[in-house]
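Presented below is the structure to which this report refers.
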Amino acid sequence: MMEKVLEKASSMNNQSSNIVYNTQQLNLWYGNHHALKNIDLEIKENEVTAIIGPSGCGKSTYIKTLNRMVELVPTVKTSGKILYRERNIFDADYGVEELRTKVGMVFQKPNPFPKSIYDNIAYGPRIHGIKNKKILDEIVEKSLRGAAIWDEVKDRLNTNAYSLSGGQQQRICIARCLAIEPDVILMDEPTSALDPISTLKVEELIQELKEDYSIIIVTHNMQQAARISDKTAFFLNGEVVEFDNTDVIFSTPEDKRTEDYISGRFG
Amino acid sequence: MKYIDHNSVVKRMNSRLIVNRILKTLFFLATLFALLTIAVLFYRIITQGVGYLTPEFFQNFGSRFPAKAGVKAALVGSIWLMCVVAPVSLILGVGTAIYLEEYAKKNKLNDFIRMNISNLSGVPSVVFGLLGLTIFVRALSLGNSILAAGFTMSLLILPVIIVAAQEAIRAVPKEVREASYGMGATKWQTITKVVLPSAIPGILTGAILALSRAIGETAPLIVIGVPVIIQFLPENLLSQFTALPMQIYDWAKRPQLEFQNVAAAGILVLMMFLIIMNSIAVFIRNKFQKRY
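Read top to bottom, the protein sequences are chains A and B. Under the UniProt record's numbering, the first sequence has 239 at position 239, and the numbering climbs by one with no breaks. Under the UniProt record's numbering, the second sequence has 197 at position 197, and the numbering climbs by one with no breaks.
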């Protein structure tokens, strides 16, 4: 009896130390379509977790569930738990707004607002009530530096963000996400609309960001997952087939289906 | 085996090109017809009315004598009317559109409401006049005042503004809303900071059309009982008044020929009023115009 309690206590301790997201038996339906089936995943702090899998396997759905953006689709139903820092994000008293200030998101297509670069970055801090111009200036500079784009835009902070190239726009979106000082950054195929050089820049940026943030990235590009991630989860038909260290997944996967996928036999 | 025989395609090419040319000519004639009609209309009105467009025309009240008749009361009345119609219809219309597009759930009841708002814009204006007479003039005892007429006109153009605003709101890309929600913005913050700034040009375009309709509409005013000849300016929103289309209608139906020319001058004033209103709206629209 005593042992059990101790065991529980120590496992709790372990969890709180470095697990950011603990997904337990997550199921998700779009209407009648069962999109995610019994997902169990533990995502650790200051790591890059890549989610790979063929189109329609549920990887984007999963990442959008982590900040509950998936609920913008009206027919979505979920069951199970996602513990973010030990608190279930589906709890009735857990507001999505609160969750999303801690969990930032970068989308597939660069989606800056049709505003100036400055206003794009300052958007998040402003909606959370920061009005002091000096503080906003500092946040803007810090975020743009964090997204490695400060030198390219520092002289034209007041120009429209749409005047930038696609790759720059995506880094502006990353900077905008950093401006709310999140704990986790979710990235939904952030480089799929970018050219190879911009992709490289974003990948390098991700490597730098993981020092301070936990990053979960969905990618179609397996080389990308291999290059930048610490852990990789392979999704297929709404299930997690395999989740392990990236080098294990790409060298000695346990499951035949993972091997088939990464060796390009399907998907 | 080839399915396309290029020789026969070339042979038939000529007749295809001829059909294309004929239709192009037909469509051009259709455009020309519309333009000609407008040109004739303008020519007639300007030649008839321009002689009466004197400073006195703007300073005089209505009169039995064509030479002394003026639009002062009607012009001021129309301005007062717009001061009621523009804010009331814009606030109600944009508010409804925001609710329907952003907050309302997609269900049968809301689909039904959406469909019927579009249908409402097809209801004849006389019917709105009767509605105004029953509710604003009689039930709320506002009489044939600026307020009663303004509310009636607002109801008349509300569907047009709602539909235009809904379309403008719907045209805002989903991605920028997601970006806003993704940072923890509430729905209202997203609406005021992202959706409305992008939708304002579209909303204003619809509002211009709707207000232009309200300013030229006569039937509801007749039904409400707005008088034609008024020898004083309105003092507040509950004053009696008359409006430009009422005045023009009155002049046009008088037997004296000279009054036809006075009516033409009145129409010119109405058109100038419209052009000024439209340019203000276009100015605001261009200020907000942003590209994606």
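The beta-carbon is built from N, C-alpha and C at its ideal position, and this holds for glycine as well. All of these numbers come straight from a predicted model, not from anything done at the bench.
Proximity test, Cβ basis, 8 Å: residue i and chain A
i, result
"Gln-260 of chain B", "no"
"Glu-175 of chain B", "yes"
"Tyr-292 of chain B", "In this prediction, Tyr-292 of chain B has a pLDDT of 47, which is less than 50 and means its spatial position is unreliable; what the coordinates show is noted afterwards. It does: the Cβ of Tyr-292 of chain B has a partner Cβ on chain A nearer than 8 Å."
Status (buried if at least 16 other CB within 10 Å, exposed otherwise) for residue i
i, result
"Lys-115 of chain A", "buried"
"Trp-188 of chain B", "exposed"
"Arg-265 of chain A", "exposed"
"Asn-261 of chain B", "buried"
"Ala-92 of chain A", "exposed"
"Ser-198 of chain B", "buried"
"Phe-235 of chain A", "buried"
"Ser-198 of chain A", "buried"
"Asp-188 of chain A", "buried"
"Leu-17 of chain B", "exposed"
"Gly-49 of chain B", "buried"
"Leu-155 of chain B", "buried"
"Cys-173 of chain A", "buried"
"Pro-55 of chain B", "exposed"
"Gly-129 of chain A", "exposed"
"Ile-200 of chain B", "buried"
Cβ-Cβ separation, residue j to residue i (assumed contact under 8 Å), whole Å
i, j, result
"Pro-87 of chain B", "Ile-117 of chain B", "That belief does not hold up - the Cβ atoms of Pro-87 of chain B and Ile-117 of chain B are roughly 20 Å apart, past 8 Å."
"Val-103 of chain A", "Asp-212 of chain A", "That belief does not hold up - the Cβ atoms of Val-103 of chain A and Asp-212 of chain A are roughly 14 Å apart, past 8 Å."
"Val-20 of chain A", "Ser-214 of chain A", "5 Å"
"Ile-276 of chain B", "Leu-204 of chain B", "That belief does not hold up - the Cβ atoms of Ile-276 of chain B and Leu-204 of chain B are roughly 15 Å apart, past 8 Å."
"Val-126 of chain B", "Val-40 of chain B", "Contact doesn't hold; Cβ gap of about 28 Å is too wide."
"Leu-205 of chain A", "Arg-257 of chain A", "Rounded, the Cβ-Cβ distance is 32 Å, inconsistent with contact."
Within-8 Å CB hit, residue i to chain B
i, result
"Tyr-213 of chain A", "no"
"Tyr-21 of chain A", "no"
"Arg-100 of chain A", "yes"
"Lys-109 of chain A", "yes"
"Met-187 of chain A", "no"
"Glu-181 of chain A", "no"
"His-220 of chain A", "no"
"residue 316 of chain A", "Outside the shown range of chain A (1 to 267) lies residue 316 of chain A, about which nothing can therefore be said."
"His-128 of chain A", "yes"
"Tyr-118 of chain A", "no"
"Tyr-123 of chain A", "yes"
"Gly-146 of chain A", "no"
"residue 269 of chain A", "Residue 269 of chain A falls outside the range modelled here, since chain A spans only 1 to 267, and no answer is possible."
"Glu-45 of chain A", "no"
"Gly-58 of chain A", "no"
"Gly-31 of chain A", "no"
Helix, strand or coil at residue i [DSSP, three-state]
i, result
"Phe-243 of chain A", "strand"
"residue 268 of chain A", "This structure cannot speak to residue 268 of chain A, because chain A is shown only from 1 to 267."
"Ala-193 of chain A", "coil"
"Ile-284 of chain B", "helix"
"Ser-15 of chain B", "helix"
"Ile-215 of chain B", "helix"
"Ala-243 of chain B", "coil"
"Thr-31 of chain B", "helix"
"Thr-101 of chain A", "helix"
"Ala-35 of chain A", "strand"
"residue 273 of chain A", "Since the first residue of chain A shown is 1 and the last is 267, residue 273 of chain A is not available in this structure."
>> Please list, in chain order, the residues of the region 89 to 116 of chain B that have any C-beta partner in chain A closer than 8 Å.
In response: So the close ones are Lys-105 and Lys-106.
> Going along the region 178 to 212 of chain B in order, which residues come within less than 9 Å of chain A, judged by CB to CB distance?
Replying inline: Within the region 178 to 212 of chain B, the qualifying residues are Glu-178, Ala-179, Ser-180, Tyr-181, Gly-182, Met-183, Gly-184, Ala-185, Thr-186, Gln-189, Thr-190, Lys-193, Val-194, Pro-197 and Ser-198.
> In chain order, what residues of the region 253 to 282 of chain B put their CB closer than 9 Å to some CB of chain A?
Replying inline: Close to chain A, meaning a Cβ-Cβ distance shorter than 9 Å, is no residue of the region 253 to 282 of chain B at all.
>> What are the residues in the region 64 to 95 of chain A lying within 8 Å of chain B by C-beta distance?
In response: Result list: Asn-67, Met-69, Leu-72 and Pro-74.
> At a Cβ cut of 8 Å, what residues of the region 245 to 261 of chain A count as close to chain B, listed as they run along the chain?
Replying inline: Per Cβ criterion, the list is empty.
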